[in-house]
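Take a look at the structure below.
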Amino acid sequence: MSMRHLTWSLLIALPLLLAGCGGRDDPQAKLEAAVQQLQDNIEAKSTGAVMEQLHGDFLARQELDREWAKRTMTLLFLRHKNVKVLALGKNSWIDSAISSKGYTEAQVGLSGAEGLIPDSARHYSVKLEWWLDGGEWKLARLDWE
Numbered sequence: 143m144s145m146r147h148l149t150w151s152l153l154i155a156l157p158l159l160l161a162g163c164g165g166r167d168d169p170q171a172k173l174e175a176a177v178q179q180l181q182d183n184i185e186a187k188s189t190g191a192v193m194e195q196l197h198g199d200f201l202a203r204q205e206l207d208r209e210w211a212k213r214t215m216t217l218l219f220l221r222h223k224n225v226k227v228l229a230l231g232k233n234s235w236i237d238s239a240i241s242s243k244g245y246t247e248a249q250v251g252l253s254g255a256e257g258l259i260p261d262s263a264r265h266y267s268v269k270l271e272w273w274l275d276g277g278e279w280k281l282a283r284l285d286w287e
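Here you go:
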C-alpha cells in the first residue's frame with residue numbers, strides 16, 4: 143500500500159468514528175465525541191487540532207509515529223482543497239477490563255477534491271485504539287485495511 147493510501151487511511155479512520163453526544167461525564171459519550179471531533183478536524187484540514195488528539199505514544203501500523211502522521215496530513219491537505227470523511231459503519235466501546243482504553247472499528251470512505259467533485263476516493267476498514275489521558279480520549283493506535 144502506498145504512502146498516499148496510508149495517509150488517506152489515517153484521515154478516513156479518524157472521522158469514521160462519528161458519534162452522537164451524550165452525558166458529559168459518561169466515558170462512552172466522551173469517546174464518541176472524540177471520534178466526531180477527529181472527523182471534524184480532518185475535514186477542516188486542521189493538522190494542529192488532529193495532532194492534539196493524538197497520544198504522545200501514537201503509532202499507526204505499529205511503526206508509524208506522530209511525525210509520520212503530521213507529514214502525511216500536511217501533504218494530503220496541501221494536495222486536496224476539500225477532504226471528506228464518510229463513516230459507512232462504526233462501533234465504539236470501552237474495554238471492560240481496562241476502562242482507560244477505548245476502541246473504534248469502522249468502515250470509512252475518504253475522498254479528496256480540488257473543486258466540488260472528488261478526484262480521489264478510497265474505502266478502508268479501520269481500527270482505532272484510544273487511551274484516556276488526563277480526562278481526554280487520545281488516539282494511540284491506528285490500523286487499517
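Reading the sequence shown from the start, the letters are residues 143 to 287 in my numbering.
Glycine is no exception: its CB is placed at the ideal position from the N, C-alpha and C atoms.
Because the structure is a prediction, the values reported are computed rather than measured.
Check                                                                                          : Outcome
Assigned secondary structure, residue 212 (DSSP; H/G/I helix, E/B strand, else coil)           : helix
Exposed unless 16 or more other CB atoms sit within 10 angstroms - verdict on residue 214      : buried
Of the listed residues 219, 268, 275, nearest to residue 286 (C-alpha basis)                   : 268
Three-state secondary structure (DSSP) of residue 285                                          : strand
Per DSSP, the bridge partner or partners of residue 265                                        : 251
Where residue 161 sits in the DSSP three-state scheme                                          : A caution first: residue 161 carries a pLDDT of 41, below 50, which makes its placement in the model too unreliable to give a value.
Range covered by the alpha helix (DSSP H) that runs through residue 190                        : 189–195
Beta-carbon proximity of residue 190 to residue 222, cut-off 8 angstroms                       : no
Range covered by the alpha helix (DSSP H) that runs through residue 180                        : 169–185
Residue 277 versus residue 169: straight-line alpha-carbon distance, rounded                   : 9 angstroms
Cβ pair residue 228, residue 250 closer than 8 angstroms                                       : yes
7 angstroms Cβ shell around residue 179 - same chain, five flanking residues per side excluded : 195
Between the CA atoms of residue 243 and residue 234 - distance to the nearest angstrom         : 11 angstroms
Rounded separation between residue 171 and residue 177 - CA only                               : 10 angstroms
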